[in-house]
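Residue numbers (the numbering used here): 8 to 219.
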Amino acid sequence: QDMPQLLFFNGSENSVVKDNEELRQAIAYAIDSQAVRLGGGVPDGIGENVRTVGNSTLGGYNTQWDEEDYYDYDPEKAKELLAKAGYEPGELTLKVMTLTNSGITSAAAVVQSNLSDVGINMEINSYDQALFNTYMYDSTQWDMMIYAVPSQNGLITDLWLNAFDARSFEQGTMNFVEDEHLQELLVAASEEFTEESIDAFHYYLKDQAYVI
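As structure tokens, this is what we get:
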């Protein structure tokens, strides 16, 4: 499968995760990706934990990323970032949206447990495909969304275009992020397709934590 399960953060004014990079990073560090994958029923050898927004099977994937930190599970760091973000433990409740699928909802339950451990409450809302397709473009419905984005041509930049190209969405990216620099880097990566341009997009998206 060239479709990684991604956790998108809502970049609209309707969510507290907008304009709070430290909160997004706190959530990212709070999540035990290995436990999430195993909890979702995907064992080693069949699936893997990826180190960018995209699978290692995709053209353009830089194997150097595998040697670097990618929000590796660190609940203590998550607690520190949550405090810096301005929230006390137990103060915040976030809504996550998933498809009604046993593997995905089981994985979401692991995320819910991870966030609870650092003091963030999470409500899981699961929908059938039709409702999900409607609500994913309704910024009032979710703070986080678990969704797999395809890459039609097997290139990592195709996946990025499908999720983040502002030319394809009414408001910014698939998750309502309006960031001109992100768009500039995306266009450069897709048109130039060099290691340098691909790295530039990867590292910027990683630092901003718009999605993990």
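Note that beta-carbon positions come from the ideal geometry of N, C-alpha and C, so glycine has one too.
Using only CA atoms, which one of Gln12, Trp167 and Phe176 lies nearest to Ile205?
The residue labelled residue 205 in the question sits at position 198 within the sequence shown. Comparing Cα positions, the closest option is Trp167.
Identify whether Ala35 lies in helix, strand or coil by the three-state DSSP scheme.
The residue you call residue 35 lines up with position 28 of the sequence shown. DSSP places Ala35 in helix when its eight states are reduced to three.
Using 8 Å as the cut-off, can you tell me whether the region 27 to 46 makes contact with the region 78 to 96, which would need three or more C-beta pairs spanning the two stretches below that distance?
yes
If contact is defined by three or more beta carbon pairs under 8 Å, each pair taking one atom from either stretch, is the region 68 to 77 in contact with the region 106 to 116?
no
Please go through the same chain and pick out, in chain order, the residues whose beta-carbon is closer than 6 Å to the beta-carbon of Thr70, but skip the five residues on each side of it.
One-based indexing of the sequence shown puts residue 70 at position 63. Around Thr70: no qualifying Cβ.
Is it buried or exposed for Thr100, if we count other Cβ within 10 angstroms and need 16 for buried?
Taking the first residue of the sequence shown as position 1, residue 100 is located at position 93. Looking at its Cβ environment, which holds fewer than 16 other Cβ atoms inside 10 Å, Thr100 is exposed.
Using a Cβ-Cβ cutoff of less than 8 Å, which residues in the same chain neighbour Asp124 once the five nearest sequence positions on both sides are dropped?
Along the sequence shown, read from residue 1 onward, the residue named residue 124 stands at position 117. Only Ala37 and Pro82 meet the Cβ criterion.
Give the range of the beta strand (DSSP E) segment to which Lys84 is assigned.
Taking the sequence shown and counting its residues from 1, one reaches residue 84 at position 77. It is not in any beta strand (DSSP E) - Lys84 instead sits in the alpha helix (DSSP H) that spans Pro82 to Lys91.
For Gly67, which residues from the same chain have a beta carbon less than 7 Å from its beta carbon, with the 5 sequence-adjacent residues on both sides left out?
Start at 1 with the first residue of the sequence shown, and residue 67 comes out as number 60. Once the five neighbours on either side are set aside, the close Cβ partners of Gly67 are Leu162, Ile163, Thr164, Phe200 and Ile205.
Check whether the Cβ of Leu65 sits closer than 7 Å to any heavy atom of the ligand SAM, and report yes or no.
No copy of the ligand SAM appears in this structure; indeed no ligand is present at all.
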